[in-house]
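With full-length UniProt numbering applied, the sequence shown corresponds to residues 1 to 344, in that order. Positions of the beta carbon are idealized from the N, C-alpha and C atoms, including for glycine. If you're wondering where the values come from, they're calculated on a predicted model, not measured in any experiment. Only one structure is covered here, and it is reproduced in the block below.
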Amino acid sequence: MYDGFYNLTQKPFQLSADPDFFFQSSVHKRALAYMHYGLTQGEGFVLVIGSPGTGKTMLVKSLIKNLNKEKLLIGVMMTSQVGPEDTLRMAASTFGFSFSLTDKASLLSGFEKFIAEKAREGRRLLLIVDEAQNLPKQSLEELRMLTNLDVNGNPVFQVFLVGQTELKRTIYSADMEQLKQRIVSTFQLDPLDLEETKEYILFRLQTAGWTGTPEFTPSVFEVIHEFSGGIPRRINSLCDRLLLFGYLEELKLLDEQAVTKVIVEVKEEMLLEAADEEYENSMPPLHRFSDVDSESLEHRIARLEDVVTNLRNSLNKEKALLRKAILLQLDMDAVYSDTTTSLD
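Structure representation (structure tokens):
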């Protein structure tokens with residue numbers, strides 16, 4: 001929609017992690033440096049910690065893109081709450097190791113032989129665990145045991161743990177001392193500051209073919225940074241909505257007033273979602289309408305009415321755009337008809 005209106009080659013603020021849109025902020029540059037340092041050590045664990053939306057998955061994809069695949073066999077594992085044996089199976093399968101449904105001892109023995117065979121071919125194994133905060137302690141311990149493997153005294157299996165802040169609390173708890181001693185590098189991803197938020201937005205726009213339209217007033221970046229807290233995913237979500245708003249309003253200049261309107265709409269949606277969740281959580285599985293607190297219901301109805309009003313306004317704007325398109329088409333038909341008549 002808006003990409004055609006603004007002559008963009010693609011959507012600049014898509015939420016999927018595309019390495020072509022990797023913005024090397026000062027924070028992400030340092031994170032990559034720590035990860036490369038960990039790789040030079042060739043053993044143990046490397047930790048990358050960050051709040052949701054700070055760019056951890058994008059960082060992983062950018063790292064993998066530039067690694068030497070001839071020297072490293074790389075496996076990427078997305079985790080959930082899985083037990084130790086399932087963790088081993090998932091880890092093994094990411095490297096293409098095929099196994100039958102056998103007991104843990106046979107699985108572990110076969111996987112260790114596979115790792116040693118790859119080492120003799122001159123390749124180390126690097127396991128990157130994304131969303132690693134979901135792994136139970138026993139599963140982390142299984143991975144620690146794999147990092148103890150060596151061939152001719154050289155380590156052959158390394159693990160990068162990428163996850164949210166609770167991962168750090170898990171690893172640095174008192175009963176995880178052995179794993180903690182195997183950590184060779186740790187980095188905490190922080191949000192972008194105001195200047196880098198602006199650079200980030202312009203970088204993604206330029207990567208998507210932006211040539212200056214729409215224009216942005218300086219205050220827009222300040223408002224976006226304040227609302228998003230410098231979290232890249234939040235910036236993407238807000239900027240995507242802002243460009244859509246600009247397209248619907250046919251704006252070539254996006255100013256503070258425009259982004260403020262979008263933020264108001266987003267906040268209303270967030271409030272409504274929170275109200276829905278709070279309402280659902282507060283009610284028993286079977287409830288009667290009379291059980292609902294009248295004041296809460298009135299407040300909820302008021303919010304719904306506000307949302308409906310906003311939707312109605314948006315619909316009216318889209319109808320106006322449609323009318324313009326129809327009138328333009330009618331004008332073109334009239335011109336075509338006049339031309340045909342004159343030729344006759």
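In the three-state reduction of the DSSP assignment, Val184 falls in the strand class. For Leu73, the uninterrupted beta strand (DSSP E) segment begins and ends at 72-78. In this structure, the beta-carbon distance from Thr197 to Glu256 does not fall below 8 Å. In this structure, DSSP gives Asp255 a state outside helix and strand, which the three-state scheme calls coil. Looking at the DSSP output, Gly50 shares a beta bridge with Leu189.
The segment 10-58 is shown to contain whole beta strand (DSSP E) runs of 3 or more residues at 45-50, in chain order.
Minimum Cα-Cα distance from Phe221 among the listed residues Gly209, Val259, Gln206, Ala174 corresponds to Val259. For Phe95, there is no enclosing beta strand (DSSP E), as DSSP marks it with neither H nor E. When the five nearest sequence neighbours on each side are left out, the beta carbons in the same chain lying within less than 6 Å of the beta carbon of Leu127 are those of Gly75, Ala91, Val159, in order along the chain. When DSSP states are grouped into helix, strand and coil, Asn154 belongs to the strand group. When DSSP states are grouped into helix, strand and coil, Arg123 belongs to the coil group.
Taken atom to atom, the span from the alpha-carbon of Cys239 to that of Phe13 is near 7 Å. Annotation for Met145: the continuous alpha helix (DSSP H) segment containing it runs 137-147.
For Leu161, the three-state secondary structure derived from DSSP is strand. Arg120 is not a Cβ neighbour of Leu72, given a cutoff of 8 Å. Rounded to the nearest angstrom, the gap between the Cα atoms of Leu244 and Asp190 is 28 Å.
According to the DSSP assignment, Tyr2 belongs to the alpha helix (DSSP H) that extends over 2-5. In the DSSP assignment, Asn134 falls outside any alpha helix (DSSP H) and carries neither an H nor an E. Residue nearest to Lys104 within the set Glu166, Asp86, Ile115 is Asp86 (criterion: CA-CA distance). Note on Glu117: under 16 other CB atoms within 10 angstroms of its CB, so exposed under the neighbour-count rule.
Of the candidates Leu125, Ser25, Pro84, the residue whose Cα lies closest to the Cα of Gly42 is Leu125. By the Cβ neighbour-count rule, Ala132 is buried, with 16 or more other Cβ atoms within 10 Å of its own. Here the alpha carbon of Lys113 sits roughly 41 Å from the alpha carbon of Ser25.
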